[in-house]
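Residue numbers (this note's numbering): 622 to 990.
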């Protein structure tokens, strides 16, 4: 049984610089200004584990290939990269790719999110502090309010900011020029983006769930960075239960490390890993308690469905966004849940996984879906 081990986890230093000089050739260290900095310990670990260059990035071959061409073309023309929109479920690497774009170009990145930019002045203060070729990353861009979104249009298209100076009858309009920057937007719900906003992004990429071999590479790399002694079978076990999502894989790896240090000798063997993940109630295909509760609710309370999203959310005492953005994508991906015009329907696969006998009409219902 092979063990993976590497000593010396790297450190990442972040420098805030509101007014940055133009980028130099040769990929200088990237400076980052966080407009929002409310990261948990797990998110700080994610920063440590985050690949810095495309060559270090695992998976998403199609996106990686297209992005590589986009960046190289901009370098050869000596011009800023076009605006980029990254779509897909949470935890697949949208934020990581935004940082990679900045790192590859050797420019600064400013990070914010749709809910944080809640008025025109907040947007203006960010845009007016950008320098040429900076990357402006907006997470959850679909949550920008209408006023802010409309103020962003001229910034993206014409690199200008239309400001209102003063208040009341003395107010006046002013057009302020902006440097040519690159906006990278990330969204888990592309359908909520307005057409005019979506059309202003020159490159739109969708990230998909990762394969098990890809997740194994990610877990092995993270184990080396965190100096965890882990067996190859344990790496495979974590990848199998990670729901096709690198963020979840790294989170499970950290919890396995905790368990191995407290309940064992520090080595993450496959048995230790299984005990740790079972204690977390993560089953053999990655379903967590709320996933199973969701499926059981559809099957037992609503006879397999269809059931509306609002009704389902009320039954689970959860927000509709949590169900729609976090849990449904994976359940639909593995064929356990179907989303129809009438509501959510549990499939025969879901019945069998939960050990519940499907009704006689289940097969016919699944075929109709």
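Heads up, the beta-carbon is just placed ideally off N, CA and C, and yes, glycines get one too.
Distance between residue j and residue i (C-alpha atoms, nearest Å)
i: residue 960; j: residue 953; result: 8 Å
i: residue 875; j: residue 778; result: 43 Å
i: residue 723; j: residue 872; result: 25 Å
i: residue 776; j: residue 956; result: 42 Å
i: residue 935; j: residue 917; result: 14 Å
i: residue 710; j: residue 882; result: 32 Å
i: residue 913; j: residue 931; result: 18 Å
i: residue 904; j: residue 713; result: 21 Å
i: residue 927; j: residue 786; result: 53 Å
i: residue 677; j: residue 690; result: 16 Å
i: residue 698; j: residue 692; result: 10 Å
i: residue 740; j: residue 732; result: 16 Å
i: residue 701; j: residue 879; result: 44 Å
i: residue 752; j: residue 729; result: 9 Å
i: residue 866; j: residue 793; result: 49 Å
i: residue 924; j: residue 947; result: 23 Å
i: residue 606; j: residue 972; result: Summary: the structure shown does not reach residue 606, with the chain confined to residues 622 through 990, and so no result is reported for it.
i: residue 854; j: residue 899; result: 16 Å
7 Å CB neighbourhood of residue i in its chain, flanking five on each side removed
i: residue 833; result: 860 and 861
i: residue 764; result: 735 and 736
i: residue 902; result: 909 and 910
i: residue 870; result: 836, 839, 840, 859, 860 and 863
Spatially closest choice to residue i from the options, by CA coordinates
i: residue 795; options: 918, 807, 782 and 902; result: 782
i: residue 800; options: 780, 806, 793 and 786; result: 780
i: residue 703; options: 688, 968, 923 and 899; result: 688
i: residue 964; options: 893, 870, 727 and 929; result: 929
i: residue 919; options: 868, 933 and 906; result: 933
i: residue 670; options: 774, 819 and 868; result: 868
i: residue 761; options: 719, 866 and 753; result: 719
i: residue 770; options: 717, 809, 814 and 981; result: 814
i: residue 682; options: 819, 695, 726 and 835; result: 835
i: residue 830; options: 850, 809 and 820; result: 809
i: residue 773; options: 668, 755, 744 and 974; result: 744
i: residue 922; options: 966, 907, 886 and 746; result: 966
DSSP-derived helix/strand/coil call for residue i
i: residue 782; result: strand
i: residue 760; result: strand
i: residue 961; result: strand
i: residue 932; result: helix
i: residue 796; result: strand
i: residue 922; result: helix
i: residue 889; result: strand
i: residue 967; result: strand
i: residue 938; result: coil
i: residue 644; result: Caution applies to residue 644, whose pLDDT of 41 falls short of 50 and renders its modelled position unreliable; the value that the coordinates give is listed next. In this structure, residue 644 counts as coil in the three-state DSSP scheme.
i: residue 730; result: strand
i: residue 750; result: coil
i: residue 775; result: helix
i: residue 978; result: coil
i: residue 742; result: helix
i: residue 955; result: coil
i: residue 993; result: Residue 993 lies beyond the residue range present for the chain, which begins at 622 and ends at 990; the question has no answer from this structure.
i: residue 944; result: helix
i: residue 881; result: helix
Other residues of its chain near residue i: CB distance less than 6 Å, five sequence neighbours each side excluded
i: residue 811; result: 708
i: residue 706; result: 806, 822 and 825
i: residue 673; result: 724
Contacts around residue i, its chain only, beta-carbon distance under 8 Å, and the 5 residues preceding and following it disregarded
i: residue 749; result: 782, 797 and 799
i: residue 944; result: 915, 930, 933, 934 and 937
i: residue 856; result: 625, 837, 840, 841 and 844
i: residue 895; result: 858
i: residue 940; result: 934
i: residue 675; result: 685, 688, 689, 692, 721 and 725
Proximity test, residue i beta-carbon vs the ligand COA heavy atom, cut-off 7 Å
i: residue 750; result: Because no ligand of any kind appears in the structure shown, any question about the ligand COA cannot be addressed here.
Any C-beta of chain B under 8 Å from that of residue i
i: residue 974; result: No chain B is present in this structure, which holds just one protein chain.
Threshold first: 4 residues or longer. Then list the alpha helix (DSSP H) segments lying entirely within the segment 798-877, N to C.
You should have 816-820, 833-846 and 853-861.
Runs of alpha helix (DSSP H) lying entirely within the segment 665-725, each at least 4 residues, in chain order
Assignment of alpha helix (DSSP H) within the segment 665-725, counting only whole runs of 4 or more residues, yields 682-698 in chain order.
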